[in-house]
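> In the working numbering, each residue's number is its place in the sequence shown (first place is 1) plus 646.
Each residue gets a CB set at the ideal place from its N, CA and C atoms; glycine is no exception.
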Amino acid sequence: MRTIKVLHIANMNTMGGIQTRLIDLLSQPVRNFRFALFSPRPFTAYWEEKLSRLSLPYRQADSKKKWVKELTRFALEFGIEIAHFHKPWPDAKRELKKAGVKIIIEHDQGASWYPQPDIASNLKTVDAVISLSKASRIIMETLGYEPSKIHLIYYGIDFKQLKATAPVPRPPGKKIITTVCRLEPIKGVDALLKAIPLVLKYRKDVEFWIVGDGSARNELICLSAKLGINDYVKFWLTQTEVANFYAATDLFVLASVREPFGSVLVEAGYFQLPSIASNVDGIPEIIDHGKTGILIDPSEPFNPPNGRIPQWVVDGATGKLHKPYSLNPTKLGKAILKLLNNPAACRSMGLEAFKRVHKFFNIRRYRRETIDFYHSLLKAKGLL
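Structure (structure tokens):
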């Protein structure tokens, strides 16, 4: 069989689930396939170092305005048959189509929660779509994507790379409650901070770790001070070795308003952590309520002073679309106390979470399903 060349197009200028899962996917060679990576934005030093270890071509755009032309030139030089986009970028898709690229794939990783005005144009340029959750599929069908073009492939994590080489020292006698996310309004960290005073009414043996950075950082730090909880909260900013934080954690929280998948919940499960999370979008596809964690239905108005608001979210219980809501801090605080006060339940949930993520969200399954998907598209086009 001849070698099939696949070009992945993704912004690699930030640390996030999209970038991490993509590097996981590309980290091992696949027989009869050759991969390349193009980033419209400059690579961070972290990703540059990671990519330097892999035997695949990669390139970043030199110009923000001319990146589509640079992408097209790179695609032709590499001789690709499949372009795998990790953001919509309709203009780039059209140019690659004109240049003769046989198959255009869009990997929906949250963009459909913010539908673009040129969605009709985007529909025409894609041969197939990968949804990363059932919630993603629901939204894409609502937008008009042909159901037969949508293929569900859950993320998979390379657990061998998720090792705690130097766990963060824990304060003596403290229970650690951690969240790992970008500090943006959509991640709901404000709801977590507002839940802490209730927890402190009953337990002082706690410390809350906020791991991540973003545009809402200063606002959240000010909120912590206003709530009088600074002695119990630690902001760690972005970390490349998040495993060291999971290894020192007792309970994981993800209070997102909108979450297409939630890789951090899989990572937490690998470290046998029970999770408390919003019952929205792709989260309940990871968390089995009452068995691997606790899901809370969002109910509070979501009106951030800045940041984009999703057009909709998927209700975790009904699968229906509705406007986004935040978690109620009192409900979140009670859920945290419930698990902190029941160590046996925490251990049981953590063990079940470990089993679940290994079974459904491992890198071998993710890589195999992605390659099988490529094969099916090539055969459908008569290219195999």
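By Cβ distance, which residues of its chain are closer than 6 Å to P813, with the 5 residues on each side in sequence left out?
N890, A893 and A894
> Could you work out which residue in R828, E931 and S794 is closest to R1044 when comparing CA atoms only?
What is shown of the chain runs 647 to 1030, which leaves residue 1044 out entirely.
> Pick helix, strand or coil for Q706, following the three-state DSSP scheme.
DSSP places Q706 within a strand segment (E or B) once states are collapsed to three.
> Ignore the nearest five residues each way along the sequence and tell me which others in K833's own chain have a CB closer than 6 Å to its CB.
Around K833: C827 and S902.
> Determine the contact status of K1032 and V852, defining contact as a CB-CB distance below 7 Å.
Nothing about residue 1032 can be reported from this structure: the residues present for the chain run from 647 to 1030 only.
> Does DSSP classify I955 as helix, strand or coil?
coil
> Quick check: the stretch 1002-1012 against the stretch 854-863, are there 3 or more CB pairs under 8 Å?
The way I'd put it, the stretch 1002-1012 doesn't touch the stretch 854-863; fewer than three beta-carbon pairs between them come closer than 8 Å.
> Could you tell me which whole beta strand (DSSP E) segments of length 3 or greater appear in the stretch 892-942?
897-900, 921-924 and 939-942
> Given a threshold of 16 other Cβ atoms within 10 Å of its Cβ, counted over all protein chains shown, does L883 qualify as buried or as exposed?
Classification of L883: exposed, given that the 10 Å Cβ count is below 16.
> Pick helix, strand or coil for V852, following the three-state DSSP scheme.
strand
> By the 10 Å Cβ neighbour count, where 16 or more other Cβ atoms means buried, how is K715 classified, buried or exposed?
Classification of K715: exposed, given that the 10 Å Cβ count is below 16.
> On the CB-based measure, 16 or more other CB atoms within 10 Å of its CB, does A872 come out buried or exposed?
Before going on, a small fix: residue 872 reads as Lys here, not Ala. Exposed: under 16 other Cβ atoms inside 10 Å.
> Using the three-state DSSP reduction, which class does V816 fall into: helix, strand or coil?
The sequence given here places Arg at residue 816; Val does not occur at that position. Coil, per DSSP.
> Look at F681 and L702 and say whether their C-beta atoms are less than 7 Å apart.
yes
> Starting from D737, trace the alpha helix (DSSP H) in both directions and tell me its first and last residue.
D737 -> alpha helix (DSSP H) spans P736 to K744.
> Considering Cα atoms alone, identify which of K739, D737, R719 and G746 is closest to E727.
It is G746.
> Suppose the cutoff is 6 Å on Cβ atoms and the five residues either side in sequence are ignored; what does the same chain contact list for V1069 look like?
Only positions 647 to 1030 of the chain appear in the structure, and residue 1069 is not among them; the question remains open.
> Whose CA, out of I750, E946 and R816, lies closest to the CA of W1110?
No answer is possible for residue 1110: it lies beyond the span of the chain, which begins at 647 and ends at 1030.
> In chain order, which continuous runs of the beta strand (DSSP E) of length 3 or greater are located wholly inside the stretch 745-805?
749-754, 774-777 and 796-798
> Sorted by chain position, which residues of the same chain lie with C-beta nearer than 6 Å to F805's C-beta, five sequence neighbours on each side aside?
Y916
> Whose CA, out of H732, T1016, L897 and N678, lies closest to the CA of N987?
L897
> Of the choices L941, T666 and T788, whose alpha-carbon is the least far from that of W958?
Per the Cα distances, T788.
> If you follow the alpha helix (DSSP H) that F679 is part of, which residue opens it and which one closes it?
Unbroken run through F679 is the beta strand (DSSP E), F679 to S685; no alpha helix (DSSP H).
> Under the assumption that I933 contacts S945 (Cβ atoms under 8 Å), give the Cβ distance between them as a whole number of angstroms.
Not confirmed; about 18 Å, so no contact.
> Please confirm if S1022 has its CB atom under 7 Å from at least one CB of chain D.
Given the protein chain composition of this structure (a single chain), no chain D is represented.
> With which residues is T824 paired in a DSSP beta bridge?
W855 and F898
> Do R687 and N657 count as a contact pair if the criterion is CB distance below 7 Å?
yes
> Evaluate the contact criterion for the stretch 649-665 versus the stretch 783-799: three or more CB pairs, one atom per stretch, below 8 Å.
no
> Hey, could you find the ends of the beta strand (DSSP E) A729 is sitting in?
I728 to F731
> Below 6 Å CB to CB, which residues in the same chain sit around C992 once its five sequence neighbours on both sides are set aside?
P920 and L985
> Distance check for I842 and I942, CA to CA, integer angstroms please.
16 Å
> Leaving out five residues before and five after F948 in sequence, what residues of the same chain have Cβ atoms less than 6 Å from its Cβ?
Here the set comprises V903, P970, Y971 and S972.
> Assuming contact is defined by CB atoms lying nearer than 7 Å, are L717 and F689 in contact in what I supplied?
No.
> Once the 5 residues before and after K940 are set aside, which same chain residues still bring their CB inside 6 Å of it?
Here residue 940 turns out to be Ile, not Lys, going by the sequence shown. I922 and A981, listed in sequence order.
> Quick check: what's the CA-CA separation for L844 versus S909?
If you draw a straight line from the Cα of L844 to the Cα of S909, it is about 28 Å long.
> Beta-carbon separation of Q755 and L778 under 7 Å?
yes
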